[in-house]
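Participant: The sequence shown maps to residues 34 to 201 in this note's numbering. Following this message is one structure expressed as structure tokens.
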Amino acid sequence: MTQFEKEFVLACLDFFTQILSNDEVLQQAIVDFAGTQVGDCRYLSNASISDSGLWDDADKLKFSAAFFEATARANYLYVTEPGLSIQATQAQHLWEQRFKPLLASNTEAKNRIQSIIQNCNNIKTEVRQEEPSDALQHSSQDNRYTFFTALAALGVATAVGAAIVFKP
């Protein structure tokens, strides 16, 4: 995951939690997502919820609408110039393929939305700790002899200084 993808996914997770935590915002997300066709099964994310048969349709719709709205908000936040649209598309693909199933997995039927929010918080913690694939590597981390390099540089500077001072 690149740094951009990491930031995009974290933004999606934050938006997702905000939407699910506020009933008014969630209801608006459902209207924006499904309109008047809330009973249509194509709006229920059956393919991305591994145990969708155990979920009731209302919870699937809430999950799907919140996921859609979080994705839309992150896109709006990050696609500020044409050059970023390719990166945002790749990040969105990662968000949908890797994280959507994780958000929906291992949830409690009696308290589905709170379980999803807990999954979201756990995933946020893991993503924050993940090192981006495009992070710069520090050469001092790779060099076990950093102290000796600095010591040698100090020795050379001292020798040059002594040569100048003691010049006959």
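Every residue, glycine too, gets a C-beta built ideally from N, C-alpha and C. In this text the structure is predicted, and so the values were computed from the model without any measurement.
Using CA coordinates, which residue listed in T104, N155, L87, E141 is at the minimum distance from D65?
Facilitator: As a first step, residue 65 is located in the sequence shown; it is residue number 32 there, counting from the start. Selected option, being the one with the closest Cα: T104.
Participant: For E57, which residues of its own chain have a beta-carbon under 6 Å away from its beta-carbon, when the five flanking residues on both sides are left out?
Facilitator: Taking the first residue of the sequence shown as position 1, residue 57 is located at position 24. Closer than 6 Å at Cβ, skipping near neighbours: no residue.
Participant: Along the alpha helix (DSSP H) that carries Q162, what are the first and last residues, could you check?
Facilitator: Residue numbering aside, residue 162 sits at position 129 when the sequence shown is read from its first letter. It spans 145-162 - the alpha helix (DSSP H) in which Q162 sits, taken as one unbroken run.
Participant: Flag this pair as yes or no: are the beta carbons of F37 and Q120 separated by less than 7 Å?
Facilitator: Looking up residue 37 in the sequence shown gives position 4. Looking up residue 120 in the sequence shown gives position 87. Yes.
Participant: Roughly how many angstroms separate the alpha carbons of L87 and F48, rounded to a whole number?
Facilitator: Residue numbering aside, residue 87 sits at position 54 when the sequence shown is read from its first letter. Residue numbering aside, residue 48 sits at position 15 when the sequence shown is read from its first letter. Their Cα atoms are separated by approximately 26 Å.
Participant: Is the stretch 120-131 close to the stretch 139-148, with three or more CB pairs under 8 Å?
Facilitator: Short answer: they don't touch.
Participant: Put E38 into one of helix, strand or coil per three-state DSSP.
Facilitator: The residue you call residue 38 lines up with position 5 of the sequence shown. Helix at E38.
Participant: By DSSP, does Q70 sit in helix, in strand, or in coil?
Facilitator: Position 37 of the sequence shown, counted from the start, is the residue given in the question as residue 70. If DSSP states are grouped into helix, strand and coil, Q70 belongs with coil.
Participant: At the level of alpha carbons, what is the spacing between L110 and N152?
Facilitator: On the sequence shown, position 77 is the one that residue 110 refers to. On the sequence shown, position 119 is the one that residue 152 refers to. About 23 Å.
Participant: According to DSSP, simplified to helix, strand and coil, what is A80?
Facilitator: To locate residue 80, count along the sequence shown from 1; it is residue 47. Three-state DSSP puts A80 in coil, outside helix and strand.
Participant: Output needed for I82: all residues of its chain with C-beta closer than 8 Å, excluding positions within five of it in sequence on either side, in chain order.
Facilitator: One-based indexing of the sequence shown puts residue 82 at position 49. Contacts found: W88, K93, F96, P134, A137.
Participant: Just to confirm my understanding: we take N79, look at its own chain, exclude 5 residues before and 5 after, and list those with CB closer than 6 Å. What are they?
Facilitator: On the sequence shown, residue 79 is found 46 positions in, with the first residue counted as 1. S85, listed in sequence order.
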